[in-house]
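Here the sequence shown stands for residues 272 to 629, numbered as in the working numbering.
Every residue, glycine too, gets a C-beta built ideally from N, C-alpha and C.
A short worksheet on the structure shown next.
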Amino acid sequence: MDPNRLADCRKLTENCTQDLKSDPPGRTTVDLLFLGTSAGVPTRQRNVSATALIASAGKGWYLIDCGEGTQHQVLRTPLSLSELRAIFITHVHADHCLGLPGLLASTGMSGRTRPLDIILPAALQPWLRMSLEVTQSHLPFEINLHAVETFTEWRNLNVQVQTVELSHRVPCHGYVFTESDPEPRLDVQRLDAEGIERGPLWGQLAHGQDVEVDGRMLHARDYLLSARPDRRIIVCGDNDRPALLAEVAQSADVLVHEATFVQAAIDRARASYGHSSAAAVAGFAESAGVRNLVLTHFSARYQANPALSPSIEDVRSEAAALYNGQLILARDLQRYHLDRLGHLQPVAIERKPLEVAP
Numbered sequence: 272m273d274p275n276r277l278a279d280c281r282k283l284t285e286n287c288t289q290d291l292k293s294d295p296p297g298r299t300t301v302d303l304l305f306l307g308t309s310a311g312v313p314t315r316q317r318n319v320s321a322t323a324l325i326a327s328a329g330k331g332w333y334l335i336d337c338g339e340g341t342q343h344q345v346l347r348t349p350l351s352l353s354e355l356r357a358i359f360i361t362h363v364h365a366d367h368c369l370g371l372p373g374l375l376a377s378t379g380m381s382g383r384t385r386p387l388d389i390i391l392p393a394a395l396q397p398w399l400r401m402s403l404e405v406t407q408s409h410l411p412f413e414i415n416l417h418a419v420e421t422f423t424e425w426r427n428l429n430v431q432v433q434t435v436e437l438s439h440r441v442p443c444h445g446y447v448f449t450e451s452d453p454e455p456r457l458d459v460q461r462l463d464a465e466g467i468e469r470g471p472l473w474g475q476l477a478h479g480q481d482v483e484v485d486g487r488m489l490h491a492r493d494y495l496l497s498a499r500p501d502r503r504i505i506v507c508g509d510n511d512r513p514a515l516l517a518e519v520a521q522s523a524d525v526l527v528h529e530a531t532f533v534q535a536a537i538d539r540a541r542a543s544y545g546h547s548s549a550a551a552v553a554g555f556a557e558s559a560g561v562r563n564l565v566l567t568h569f570s571a572r573y574q575a576n577p578a579l580s581p582s583i584e585d586v587r588s589e590a591a592a593l594y595n596g597q598l599i600l601a602r603d604l605q606r607y608h609l610d611r612l613g614h615l616q617p618v619a620i621e622r623k624p625l626e627v628a629p
């Protein structure tokens with residue numbers, strides 16, 4: 272293996288191990304909270320791209336894309352920057368990454384000291400480091416940058432993350448989040464077979480802690496069994512070929528995919544600009560058996576008022592004509608909970624009002 276990639280793997284493993292202290296195995300919450308759902312530019316109702324995935328038994332969360340203003344959106348939610356586990360950037364376009372330097376600077380001011388993994392295009396690494404350097408943003412925590420082009424896997428006891436290549440005007444990726452060992456239970460038969468006596472050691476293993484017995488290290492992951500099938504969520508960057516997701520999206524619990532335009536707009540322009548129509552995504556999701564389809568990254572032309580034209584309802588109706596599963600059009604600051612049966616439902620969150628100067 273390439274020594275650089277080996278070093279990256281070691282760093283990822285070390286950081287994931289640290290996360291176990293805050294996110295022990297157990298009944299994992301799997302929620303999506305949309306921080307930005309507009310394509311290209313913000314609107315009065317929608318910020319640019321950013322999605323939070325809460326997948327932990329504690330308060331840990333993951334950020335997929337970080338458009339300008341993302342940290343401001345985070346302030347209006349219960350999310351804590353100190354509990355951020357990792358950041359995943361899909362591609363180099365500004366509406367997906369310009370919020371990174373500011374968010375990292377604020378994270379440092381929040382008192383974080385734990386290292387943070389950031390998976391992003393290699394081309395963004397020098398830009399990010401230079402942005403932090405020239406603004407003298409001296410972070411009190413280490414950032415470990417991993418090029419998405421050579422990235423293989425990120426995992427802890429709660430979630431495993433892999434990538435899938437997409438099609439856009441620039442190289443772009445989607446991220447596949449798979450629940451790891453949901454609601455784990457001890458492999459009692461194996462413990463008995465290996466002569467591990469019942470007692471406190473069993474409890475430590477059940478809580479994800481490695482233990483030493485007679486000079487032998489027992490790794491918790493080897494003694495935990497899944498109580499039910501893993502839940503799988505796919506969060507995509509910009510993509511004009513949904514079929515590229517055919518393998519990873521088959522029977523997925525949730526697919527979050529852009530629907531920048533309706534098909535008529537693409538037909539009129541005779542170009543997709545590297546984006547998908549609602550019809551293209553919906554047709555694909557139906558054929559792949561996706562249980563919940565969440566559309567996002569809407570062109571600013573689609574207005575919130577259904578009485579106006581074009582409106583966001585044009586996107587909804589086009590998708591609904593081709594997809595029979597649960598269809599959701601993402602809204603900024605809306606949280607959705609994925610239950611154990613694979614149903615994705617909106618849940619109320621405590622929105623923190625922004626302070627207004629007297």
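| query | result |
| --- | --- |
| Cβ neighbour criterion (16 or more within 10 Å) applied to G379 | buried |
| Which of helix, strand or coil DSSP assigns to R539 | helix |
| G373 - DSSP class collapsed to helix/strand/coil | helix |
| Alpha carbon of L609 to alpha carbon of M401, nearest angstrom | 39 Å |
| Classification of K292 by the beta-carbon crowding that lies within 10 angstroms, buried from 16 upward | Confidence is the limiting factor: at K292 the pLDDT is only 45, short of 50, which leaves the residue's position unreliable, though a coordinate-based value still follows. With fewer than 16 Cβ atoms within 10 Å of its Cβ, K292 is classed as exposed. |
| Per-residue DSSP class, three states only, for P617 | strand |
| Where S293 sits in the DSSP three-state scheme | Caution is warranted here: a pLDDT of 44 is assigned to S293, below 50, making its placement in the model unreliable, and no coordinate value can be reported. |
| Exposed unless 16 or more other CB atoms sit within 10 angstroms - verdict on A514 | exposed |
| Q574 beta carbon less than 8 Å from that of I583 | yes |
| CB of I325 within 8 Å of CB of T341, strictly | no |
| Cα-Cα separation between A619 and A323, rounded to whole angstroms | 15 Å |
| Contact belief for V525 with L395 at Cβ below 8 Å, rounded distance in angstroms | Actually they do not touch by this definition, with Cβ atoms about 26 Å apart. |
| DSSP state of D524 mapped onto helix, strand, coil | coil |
| Contacts around V312, its chain only, beta-carbon distance under 8 Å, and the 5 residues preceding and following it disregarded | V319, D366, A571 |
| E406, buried or exposed, once every other Cβ within 10 Å from all chains shown has been counted against 16 | For clarity, residue 406 is Thr in the given sequence; the question names Glu instead. Per the 10 Å Cβ criterion, exposed. |
| Residue environment, A542, which counts as buried when at least 16 other CB atoms sit within 10 Å | exposed |
| Per-residue burial, H490 [other beta carbons within 10 Å of its own, 16 or more giving buried] | exposed |
| Beta carbon of H568 nearer than 8 Å to that of A310 | yes |
| Reference L352, options D485, E413, S381, L564, closest by Cα | S381 |
| Per DSSP, the bridge partner or partners of N563 | V525, Q597 |
| Endpoints, alpha helix (DSSP H) assigned at R461 | 459–464 |
| 6 Å CB neighbourhood of Y333 in its chain, flanking five on each side removed | L324, R356, A357 |
| C-alpha distance - D294 paired with H409, whole-angstrom precision | Bear in mind that a pLDDT of 43 at D294, under 50, signals an unreliable position, so the model cannot answer this. |
| Beta-carbon proximity check, R503 vs V419, cutoff 8 Å | no |
| Beta-carbon proximity check, T449 vs V435, cutoff 8 Å | no |
| Where Q433 sits in the DSSP three-state scheme | strand |
| Through-space distance from I335 to L476, alpha-carbon basis | 31 Å |
| Burial state of R317, where buried means 16 or more other Cβ atoms lie within 10 Å | buried |
| Chain-order list of residues whose beta-carbon lies under 7 Å from that of L260 (same chain, five-residue window excluded) | An answer regarding residue 260 cannot be provided, because it is not within the stretch 272 to 629 covered by the chain. |
| Coarse secondary structure for T361, derived from DSSP in three states | coil |
| Spatial distance of R456 from P471 (CA atoms) | 15 Å |
| DSSP-derived helix/strand/coil call for Y607 | strand |
| Proximal residues to Q344 (C-beta, below 8 Å), its chain only, five neighbours per side dropped | L306, G307, N318, A321, D603, L604 |
| S327, enclosing beta strand (DSSP E) - first and last residue | 321–327 |
| Distance between W425 and L350 (C-alpha atoms, nearest Å) | 21 Å |
| Pair within 8 Å by beta-carbon distance, A559 and A520 | yes |
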